[in-house]
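Protein chains in written order, with our numbering: chain A, 144 to 338; chain B, 483 to 713.
Okay, here's the thing in structure tokens:
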């Protein structure tokens with residue numbers, strides 16, 4: 144393979160979900176479609192300049208605020224806390240949450256050297272105080288690092304008196320109960336609700 | 483062709499890999515510290531379920547590969563530590579200890595002593611061990627298990643118990659007459675360190691040590707670890 148194509152295949156195969164064969168197919172496709180190749184090049188090269196972090200919540204934004212923070216119809220008394228900005232899309236797709244968001248920037252992780260001060264926890268506390276938030280909903284990974292991060296947040300928020308909740312954890316919808324492992328089922332049992 | 487092997491172990495670290503995989507580091511009694519690739523572990527329908535989490539004790543079956551990471555085939559939960567989730571400081575101390583063990587223990591070197599200490603540390607914290615005392619005791623005991631026991635029974639040159647100073651490069655305490663320098667290590671500090679290396683965590687947890695003594699010991703132990711890791 145000639146060097147320019149080889150270079151493109153190497154770059155493409157570093158992308159998630161794209162193996163060497165797929166990278167070759169995409170490279171040949173782009174070679175045959177110069178307009179699409181140009182458009183793709185322009186959009187990817189300007190991505191870093193155009194996409195910024197929302198100054199209020201940390202979501203992806205093109206200006207000072209993200210579309211969620213700019214939307215006056217959102218319930219500004221409730222904030223959903225996520226570790227990373229792309230997780231907002233998962234919550235939005237449910238159509239069940241109508242409040243605002245807060246992106247932490249990761250999870251507390253002693254093995255990765257991430258301390259609570261490395262995350263936007265103090266910023267969350269300031270938002271709770273300044274924006275008169277009534278409920279903070281934690282949507283963090285259901286594992287030890289997610290729990291540790293959540294516990295740090297609860298401790299920091301305790302003086303504000305704000306209500307802190309977390310998303311339910313347990314059996315995925317559509318899955319058999321007898322196929323669930325004891326950790327998942329245990330979490331589901333601990334988080335049971337009254338009917 | 484890859485062969486199958488099995489062991490049990492405590493999960494020390496987990497990190498995301500590729501789109502849906504995870505790499506877990508497991509401390510096992512029979513194979514030491516193992517890095518295993520858990521394919522599709524981040525999918526909601528993962529066959530590993532919730533078993534792959536820090537501090538969990540697992541029974542694992544994996545493909546041994548000569549090149550690259552071993553491949554995790556099965557993981558079943560032997561023991562979890564729900565008690566850790568009841569207290570932030572204990573959970574924090576547990577994850578800190580697991581990260582320390584991951585950093586200081588060599589890969590694939592069978593080590594029953596370190597494995598036993600890691601298990602004891604996690605279960606003691608889950609059972610209510612004071613996290614500050616636990617951190618200090620565990621880091622000292624891990625030194626011992628890793629074969630770096632500091633000399634804490636007086637001056638390592640003459641055996642005297644007065645005017646002792648800390649010398650990680652020499653392996654412990656040295657008195658001023660034998661060339662020791664720097665700040666004195668008070669008797670309460672070095673005697674407590676000595677006790678913490680000898681007592682099992684269940685007994686060490688009953689020692690009454692104030693915050694400043696614990697902080698002093700931790701500083702000395704961190705210096706000692708730093709020196710051992712540089713070597």
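All C-beta atoms in this analysis are idealised placements derived from N, C-alpha and C, irrespective of residue type, glycine included.
Bear in mind the structure is a predicted one, so any value in this text is a computation, not a measurement.
Query                                                                                                                   : Result
Within chain B, partners of residue 298(A) - CB distance below 9 Å                                                      : 570
Proximal residues, the region 266–299 of chain A versus chain B, C-beta separation under 9 Å                            : 285, 286, 287, 288, 290, 291, 294, 295, 297 and 298
Residue 554(B) and residue 521(B) closer than 9 Å at C-beta                                                             : yes
Chain A contact residues for residue 504(B), given Cβ-Cβ distances below 9 Å                                            : What residue 504(B) touches in chain A: nothing, since even the nearest Cβ is about 10 Å away.
Short CB-CB distance (under 9 Å) between residue 612(B) and chain A                                                     : no
Check whether residue 678(B) and residue 699(B) have beta carbons under 9 Å apart                                       : yes
Contact the region 577–591 of chain B vs the region 315–323 of chain A: 3+ CB pairs below 8 Å                           : no
Bounding residues of the beta strand (DSSP E) (the contiguous stretch that carries residue 294(A))                      : It is not in any beta strand (DSSP E) - residue 294(A) instead sits in the alpha helix (DSSP H) that spans 287–300.
Stretch pair the region 242–249 of chain A + the region 213–222 of chain A: three plus CB contacts closer than 8 Å      : yes
Sufficient close CB pairs (3 or more, under 8 Å) joining the region 610–625 of chain B to the region 637–647 of chain B : no
Per-residue DSSP class, three states only, for residue 276(A)                                                           : coil
Reference residue 269(A), options 305(A), 324(A), 188(A) and 181(A), closest by Cα                                      : 305(A)
Buried or exposed by the 16-neighbour rule on C-beta atoms within 10 Å, applied to residue 607(B)                       : buried
Three CB pairs or more closer than 8 Å across the region 149–162 of chain A and the region 224–233 of chain A           : no
Proximity below 9 Å, CB of residue 338(A) to CB of residue 328(A)                                                       : no
Residue-level contact to chain A via CB, residue 648(B), 9 Å cutoff                                                     : no
9 Å Cβ cutoff, residue 326(A) in contact with chain B                                                                   : yes
C-alpha gap between residue 536(B) and residue 645(B), whole angstroms                                                  : 43 Å
From 596(B), 633(B), 549(B) and 659(B), residue whose alpha carbon lies closest to that of residue 649(B)               : 633(B)
Within-9 Å CB hit, residue 254(A) to chain B                                                                            : yes
Rounded separation between residue 255(A) and residue 490(B) - CA only                                                  : 24 Å
Residue 530(B) at chain A interface by Cβ criterion, 9 Å                                                                : yes
Segment limits, beta strand (DSSP E) that includes residue 775(B)                                                       : The structure shown has nothing for residue 775(B), since chain B only spans 483 to 713.
Residue 706(B) in three-state terms, based on DSSP                                                                      : helix
Test item: CB-CB of residue 201(A) and residue 250(A) under 9 Å                                                         : no
Residue 212(A): first and last residue of the uninterrupted alpha helix (DSSP H) it sits in                             : 210–213
Boundaries (first-last residue) of the alpha helix (DSSP H) holding residue 521(B)                                      : Segment: none, residue 521(B) is in no alpha helix (DSSP H) and carries neither H nor E.
Closer than 9 Å to chain B by CB, residue 330(A)                                                                        : yes
Chain A contact residues for residue 501(B), given Cβ-Cβ distances below 9 Å                                            : 159 and 160
Neighbour-count burial assignment, residue 523(B), 16 or more Cβ in a 10 Å radius                                       : buried
Residues that residue 222(A) bridges to, as DSSP identifies them                                                        : 243(A) and 279(A)
CB contact below 9 Å: residue 562(B) versus chain A                                                                     : yes
Cβ contact (3+ pairs, closer than 8 Å) linking the region 665–672 of chain B and the region 685–705 of chain B          : yes
Given 8 Å, three or more beta-carbon pairs between the region 502–515 of chain B and the region 593–612 of chain B      : yes
Burial state of residue 275(A) (16 or more Cβ within 10 Å)                                                              : exposed
Contact under 9 Å by Cβ, residue 248(A) with residue 217(A)                                                             : no
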